[in-house]
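First up is the structure itself, then whatever we jot down about it.
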Amino acid sequence: MLREDIKVTTKISGCFQYHQEAKTSIIPSLNGLKLPSVDAALIRWSVPHQYVDTWRAMIEMRDAGLIRSIDMSNFLPEHLQRLADETGEMPAIN
């Protein structure tokens, strides 16, 4: 099987939903997978008062080439609207 034949996804759980913790949580995933980047990373659930900062960290990781698509899991419409209002970016998947 070739790498381009599969999509690799990882997630950022609640305990890592802070700016720096989110950024450092991706590195062990990449190292464990022996990959320079993942196809998608998602924030799993919203941690109040942290998910926008976590989203900003994910934007930085995407821009650095570590993540191709930044996404969400189990977010409500108001969470998505807040992301759009505060960062100008929306997830491709929720």
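Straight run, no breaks: the sequence shown in UniProt numbering ends on number 94.
Idealized CB from N, CA, C, for every residue including glycine.
- Pick helix, strand or coil for M1, following the three-state DSSP scheme. Working through the sequence shown from its first residue, we reach residue 1 at position 1. Coil at M1, not helix or strand.
- What are the partner residues of L33, as DSSP defines its beta bridges? As a first step, residue 33 must be located in the sequence shown, where it is residue number 33. Partner(s): none; L33 has no beta bridge.
- Message: Please list the terminal residues of the continuous alpha helix (DSSP H) segment that includes I59.
- Response: Locating residue 59 in the sequence shown gives position 59, where the first residue counts as 1. From DSSP, the alpha helix (DSSP H) with I59 extends over Y51 to D63.
- Query: Comparing alpha-carbon positions, which option in T10, I6 and M90 lies nearest R56?
  - Reply: Translated into the one-based positions of the sequence shown, residue 56 becomes position 56. For the residues T10, I6 and M90, the minimum Cα distance to R56 belongs to M90.
- Message: Just to confirm, is the Cβ distance from T87 to A41 under 9 Å?
- Response: Within the sequence shown, numbered from 1, the residue matching residue 87 stands at position 87. Within the sequence shown, numbered from 1, the residue matching residue 41 stands at position 41. No, Cβ-Cβ distance for T87 and A41 is not below 9 Å.
- Task: With DSSP collapsed to three states, give me the class of L83.
- Result: Taking the first residue of the sequence shown as position 1, residue 83 is located at position 83. Helix at L83.
- Between N74 and P48, what straight-line distance do the alpha-carbon atoms span, to the nearest angstrom? For the purposes of this step, residue 74 is identified with residue 74 of the sequence shown, where counting begins at 1. For the purposes of this step, residue 48 is identified with residue 48 of the sequence shown, where counting begins at 1. In a straight line, the C-alpha of N74 is about 13 Å away from that of P48.
- Where does I6 sit, in a helix, a strand or coil, going by DSSP? Position 6 of the sequence shown, counting from 1, holds the residue named residue 6. In the displayed model, I6 falls within coil according to three-state DSSP, outside both helix and strand.
- Query: Using the C-alpha atoms, what's the distance from L2 back to W45?
  - Reply: Here residue 45 refers to the residue found at position 45 when the sequence shown is read from its first residue. Here residue 2 refers to the residue found at position 2 when the sequence shown is read from its first residue. Here the alpha carbons of L2 and W45 stand approximately 31 Å from one another.
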